[in-house]
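Position 198, counted from 1, in the sequence shown is what this note's numbering calls 1423; the numbers after and before it change by one each time, with no gaps.
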Amino acid sequence: MSFSQFYPLQRHPRTGEPFIPLPAPYERIIITPPRREDVPHIVAILNAEPVKRWLDGLTFPYLECHGEDWVARMKQQSDVVLHELRVAEEEQPHGPFAAVSGCPVSCLRGVDDDVNGADVYLGAIEFSRCNFPDVRDRAEQERLVSRNESRKRGDPRIVWCVGYYLTVPLHGRGIMSCALHTLMELWAVPRMGARIVRAEIIIGNWGSRRVLEKLGFSVWDTVQVPKVTSAGELIDGFHVLLWRMRMKEEEEEESAGVSEM
């Protein structure tokens, strides 16, 4: 099997898009870049009560213009990463894998019996550099954001943030846990160099908390700030959940410590 900087991306036979498939039992779900025709589906999902009640920061009602802006931004990010991969393919055709600035696929789609068939938009996963919303001191927050943004791609000190949503009929079926695990294992860690990933969830969002805890995230901080969200929901604040990849050196130190006890 020949080496490719695009691994593990596959090429969609019908659209030509890159995609990553989910493993069994969700093999009829793939993750691709966004498409313009996704907008009506994005709007419908985000305005659904069981979804929007756990969101803050988006404009509600969520309109097609908002969906169009998101699709354009995510498509641009995808194009940047694909360009980085093409350059790496030319400059490092035999490896090693090059670090890239983000994830080129973000949209979950359910497909027919094979990938050539029609598909339906199911939801999205977005990785971005953290903006530290839990830091209440504005100057300190700006300092942390500036430092995080200044780090070169692949730097293990980058603090990433992940957000996601899924169409309501598919809640509680393990799909988002599988999709997020797949992207972290196949792309965020090996291709983005992610070693620290955060997620902020509204207090009381047990479904999302279970998704994250199944993947090894744990509550790192709880910000008790009662407020009305942009969706009009009164909340008590939010949890910050953190995933951190343990370095080999840390594991060796822990083993040494145990052996000395």
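A virtual CB, placed ideally from N, CA and C, is assigned to each residue, including glycine.
Just the C-alpha distance for residue i and residue j, rounded to the nearest angstrom, thanks.
i	j	result
residue 1407	residue 1425	20 Å
residue 1291	residue 1393	20 Å
residue 1287	residue 1270	10 Å
residue 1241	residue 1453	43 Å
residue 1378	residue 1405	21 Å
residue 1299	residue 1331	8 Å
residue 1465	residue 1385	12 Å
residue 1447	residue 1467	11 Å
residue 1335	residue 1342	10 Å
residue 1301	residue 1412	18 Å
residue 1455	residue 1284	6 Å
residue 1372	residue 1248	36 Å
residue 1258	residue 1252	18 Å
residue 1237	residue 1296	19 Å
Could you check how far apart the C-beta atoms of residue i and residue j are, in whole angstroms? I think they sit under 8 Å.
i	j	result
residue 1369	residue 1357	5 Å
residue 1449	residue 1457	With a Cβ gap of about 20 Å, residue 1449 and residue 1457 do not count as contacting.
residue 1323	residue 1230	6 Å
residue 1418	residue 1380	7 Å
What residue does the alpha helix (DSSP H) around residue i start on, and which one ends it?
i	result
residue 1305	1289-1316
residue 1264	1264-1272
Which residues mark the beginning and the end of the beta strand (DSSP E) in which residue i is found?
i	result
residue 1237	From DSSP, residue 1237 is part of no beta strand (DSSP E); its letter is neither H nor E.
residue 1468	1459-1469
residue 1366	Looking at the DSSP string, residue 1366 is not in any beta strand (DSSP E); the run it does join, the alpha helix (DSSP H), is 1363-1375.
residue 1255	1254-1257
residue 1334	1332-1336
In this structure, what does DSSP give as the bridge partners for residue i?
i	result
residue 1343	For residue 1343, which the question treats as bridged, DSSP gives no partner whatsoever.
residue 1424	1466
residue 1279	None, per the DSSP bridge assignment.
residue 1453	1459
At least three beta-carbon pairs within less than 8 Å, the region 1422-1437 to the region 1269-1283
yes
When the Cβ atoms of the region 1322-1330 are set against those of the region 1359-1374, are three or more pairs found closer than 8 Å?
no
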